[in-house]
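The next block holds one structure in the form of C-alpha coordinates; read it before the comments.
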Amino acid sequence: MEKKIAKVTEFHRSIGEKVADDAELLEQNIEADRKLANGLRELIAKSMSDGQRGSHLNRRALMAIEELAEWIEAHTEGDLVAAADALGDRIYVLLGDAVATGLPASELFDEVHRSNMTKRATSADSGKGTKSDSFEAPNIAGILGRASQKEIDV
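All residue numbers for the sequence shown refer to our numbering, where the first residue is 167 and numbers rise by one.
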(Lines of atoms letter the chains of each structure in order from A and count residues from 1; the text may use other names and numbers.)
(Lines give C-alpha, C1' and ligand atoms only; values in the text may rest on other atoms or scores of the structure.)
Protein backbone atom coordinates (compact mmCIF):
# COMPACT_ATOMS: atom_id res chain seq x y z
CA MET A 1 0.00 0.00 0.00
CA GLU A 2 2.95 2.34 0.58
CA LYS A 3 3.63 2.40 -3.17
CA LYS A 4 0.02 3.40 -3.84
CA ILE A 5 0.24 6.19 -1.24
CA ALA A 6 3.47 7.40 -2.86
CA LYS A 7 1.65 7.59 -6.21
CA VAL A 8 -1.22 9.60 -4.72
CA THR A 9 1.33 11.90 -3.05
CA GLU A 10 3.02 12.37 -6.43
CA PHE A 11 -0.33 13.29 -7.98
CA HIS A 12 -1.24 15.69 -5.15
CA ARG A 13 2.08 17.47 -5.56
CA SER A 14 1.68 17.67 -9.34
CA ILE A 15 -1.67 19.46 -9.04
CA GLY A 16 -0.81 21.58 -5.99
CA GLU A 17 -3.12 19.70 -3.60
CA LYS A 18 -2.39 19.32 0.13
CA VAL A 19 0.24 16.81 1.27
CA ALA A 20 0.68 16.52 5.06
CA ASP A 21 4.08 15.61 6.51
CA ASP A 22 2.55 14.35 9.77
CA ALA A 23 -0.86 13.01 10.82
CA GLU A 24 -3.33 15.87 11.14
CA LEU A 25 -6.98 16.69 10.70
CA LEU A 26 -8.16 18.49 7.59
CA GLU A 27 -9.20 22.14 7.70
CA GLN A 28 -12.88 22.36 8.53
CA ASN A 29 -15.91 24.57 8.38
CA ILE A 30 -17.52 23.09 11.50
CA GLU A 31 -21.09 24.16 10.75
CA ALA A 32 -21.08 23.14 7.08
CA ASP A 33 -19.20 19.90 7.76
CA ARG A 34 -21.56 18.88 10.57
CA LYS A 35 -24.47 19.60 8.24
CA LEU A 36 -22.86 17.35 5.62
CA ALA A 37 -22.35 14.52 8.14
CA ASN A 38 -25.94 14.88 9.37
CA GLY A 39 -27.19 14.75 5.79
CA LEU A 40 -25.28 11.52 5.23
CA ARG A 41 -26.76 10.06 8.44
CA GLU A 42 -30.25 11.08 7.28
CA LEU A 43 -29.65 9.38 3.93
CA ILE A 44 -28.66 6.17 5.73
CA ALA A 45 -31.71 6.33 8.03
CA LYS A 46 -34.06 6.97 5.10
CA SER A 47 -32.62 4.08 3.11
CA MET A 48 -32.91 1.70 6.04
CA SER A 49 -36.46 2.75 6.97
CA ASP A 50 -37.92 2.02 3.55
CA GLY A 51 -38.77 -1.47 4.80
CA GLN A 52 -37.27 -3.18 1.80
CA ARG A 53 -34.33 -5.52 2.01
CA GLY A 54 -31.47 -3.69 0.39
CA SER A 55 -29.50 -5.15 -2.46
CA HIS A 56 -25.87 -6.08 -1.97
CA LEU A 57 -24.98 -2.86 -3.78
CA ASN A 58 -27.24 -0.85 -1.46
CA ARG A 59 -25.71 -2.40 1.67
CA ARG A 60 -22.16 -1.75 0.48
CA ALA A 61 -23.02 1.84 -0.46
CA LEU A 62 -24.57 2.45 2.97
CA MET A 63 -21.44 1.08 4.66
CA ALA A 64 -19.30 3.48 2.63
CA ILE A 65 -21.58 6.42 3.46
CA GLU A 66 -21.57 5.55 7.17
CA GLU A 67 -17.77 5.42 7.28
CA LEU A 68 -17.57 8.74 5.42
CA ALA A 69 -19.98 10.30 7.95
CA GLU A 70 -17.80 8.99 10.80
CA TRP A 71 -14.69 10.47 9.15
CA ILE A 72 -16.32 13.88 8.81
CA GLU A 73 -17.68 13.75 12.38
CA ALA A 74 -14.24 12.89 13.75
CA HIS A 75 -12.81 15.96 12.02
CA THR A 76 -15.52 18.27 13.33
CA GLU A 77 -14.95 16.89 16.84
CA GLY A 78 -11.18 17.40 16.58
CA ASP A 79 -10.55 13.68 17.17
CA LEU A 80 -7.49 12.50 15.22
CA VAL A 81 -7.74 8.93 16.57
CA ALA A 82 -11.38 8.61 15.45
CA ALA A 83 -10.49 10.14 12.05
CA ALA A 84 -7.68 7.60 11.62
CA ASP A 85 -10.04 4.77 12.59
CA ALA A 86 -12.66 6.00 10.11
CA LEU A 87 -10.02 6.28 7.37
CA GLY A 88 -8.96 2.68 8.01
CA ASP A 89 -12.60 1.59 7.84
CA ARG A 90 -13.14 3.54 4.60
CA ILE A 91 -10.13 1.83 3.01
CA TYR A 92 -11.36 -1.56 4.22
CA VAL A 93 -14.86 -1.02 2.80
CA LEU A 94 -13.45 0.16 -0.53
CA LEU A 95 -11.20 -2.89 -0.79
CA GLY A 96 -14.22 -4.98 0.18
CA ASP A 97 -16.01 -3.54 -2.85
CA ALA A 98 -13.17 -4.86 -5.01
CA VAL A 99 -13.38 -8.27 -3.34
CA ALA A 100 -17.18 -8.39 -3.69
CA THR A 101 -17.07 -7.48 -7.39
CA GLY A 102 -13.89 -9.27 -8.41
CA LEU A 103 -12.56 -6.07 -9.97
CA PRO A 104 -8.74 -5.92 -10.20
CA ALA A 105 -8.28 -3.01 -7.76
CA SER A 106 -4.50 -2.75 -7.97
CA GLU A 107 -4.43 -2.66 -11.77
CA LEU A 108 -7.34 -0.21 -11.89
CA PHE A 109 -5.60 2.06 -9.38
CA ASP A 110 -2.39 2.05 -11.41
CA GLU A 111 -4.24 2.88 -14.63
CA VAL A 112 -6.23 5.70 -13.01
CA HIS A 113 -2.96 7.04 -11.55
CA ARG A 114 -1.34 6.98 -14.98
CA SER A 115 -4.30 8.92 -16.36
CA ASN A 116 -4.40 11.35 -13.43
CA MET A 117 -0.74 12.22 -13.96
CA THR A 118 -1.74 13.68 -17.34
CA LYS A 119 -3.96 16.21 -15.51
CA ARG A 120 -2.69 19.57 -14.35
CA ALA A 121 -3.42 22.24 -11.72
CA THR A 122 -6.15 21.86 -9.18
CA SER A 123 -9.59 23.31 -9.78
CA ALA A 124 -10.02 25.71 -6.84
CA ASP A 125 -13.66 24.71 -6.33
CA SER A 126 -13.33 20.93 -6.43
CA GLY A 127 -9.72 20.20 -5.44
CA LYS A 128 -9.54 17.91 -8.48
CA GLY A 129 -6.92 18.02 -11.18
CA THR A 130 -8.13 19.53 -14.43
CA LYS A 131 -7.89 17.81 -17.78
CA SER A 132 -5.21 19.40 -19.92
CA ASP A 133 -4.57 19.08 -23.65
CA SER A 134 -2.28 16.16 -22.83
CA PHE A 135 -4.94 14.35 -20.73
CA GLU A 136 -5.21 10.62 -21.43
CA ALA A 137 -8.33 8.84 -20.20
CA PRO A 138 -7.78 5.63 -18.24
CA ASN A 139 -8.08 2.45 -20.29
CA ILE A 140 -10.45 0.66 -17.93
CA ALA A 141 -11.83 -1.59 -20.68
CA GLY A 142 -8.29 -2.75 -21.41
CA ILE A 143 -7.72 -3.61 -17.75
CA LEU A 144 -10.97 -5.53 -17.58
CA GLY A 145 -10.15 -7.32 -20.83
CA ARG A 146 -6.78 -8.42 -19.45
CA ALA A 147 -8.42 -9.54 -16.20
CA SER A 148 -10.91 -11.66 -18.17
CA GLN A 149 -8.10 -13.12 -20.27
CA LYS A 150 -6.19 -14.13 -17.11
CA GLU A 151 -9.26 -16.06 -15.94
CA ILE A 152 -9.43 -17.87 -19.29
CA ASP A 153 -5.70 -18.69 -19.19
CA VAL A 154 -5.96 -20.32 -15.74
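Here a beta-carbon is modelled for each residue, glycine too, at the ideal position from N, C-alpha and C.
In this text, all values refer to a predicted model and were calculated from it rather than measured experimentally.
What does the alpha-carbon distance come out to for the pair residue i and residue j?
i, j, result
"ILE231", "ASP251", "15 Å"
"LEU253", "GLY262", "14 Å"
"ALA287", "PHE177", "10 Å"
"ALA271", "ARG280", "14 Å"
"LEU192", "LEU310", "35 Å"
"GLY220", "ILE306", "28 Å"
"GLU208", "VAL259", "20 Å"
"ASP199", "ALA235", "10 Å"
"ALA249", "ALA189", "10 Å"
"ARG226", "ALA211", "15 Å"
"VAL174", "ASN282", "9 Å"
"ALA186", "ILE257", "18 Å"
"GLY308", "ILE196", "43 Å"
"ILE181", "LYS285", "8 Å"
"VAL337", "ASN204", "Given that the chain is displayed from residue 167 to residue 320, the structure contains no residue 337 and the question cannot be resolved."
"ASP321", "SER300", "Because the chain in this structure spans residues 167 to 320, residue 321 falls outside the shown range and cannot be described."
"GLU273", "HIS241", "31 Å"
Can you tell me whether residue i is helix, strand or coil according to DSSP?
i, result
"LYS322", "Outside the modelled stretch of the chain, which goes from 167 to 320, sits residue 322, for which no answer is possible."
"ALA303", "coil"
"GLU232", "helix"
"SER213", "helix"
"LEU269", "coil"
"LEU191", "coil"
Quick check on this structure: which residue in the options has the alpha carbon closest to the alpha carbon of residue i?
i, options, result
"LEU223", "LYS201, ALA186, ALA198 and THR267", "THR267"
"ASN206", "TRP237, LEU274 and LEU246", "Position check: residue 206 holds Leu in this sequence, whereas Asn was assumed. If we check each option's Cα against that of LEU206, TRP237 comes out closest."
"MET229", "MET214, GLU243 and THR242", "MET214"
"GLY244", "LYS169, GLU183 and GLN194", "GLN194"
Going by DSSP, what residue range makes up the alpha helix (DSSP H) through residue i?
i, result
"LYS170", "168-181"
According to DSSP, what are the bridge partners of residue i?
i, result
"LYS184", "Looking at the DSSP assignment, LYS184 forms no beta bridge with any residue, so it has no partner."
"LYS285", "LYS297"
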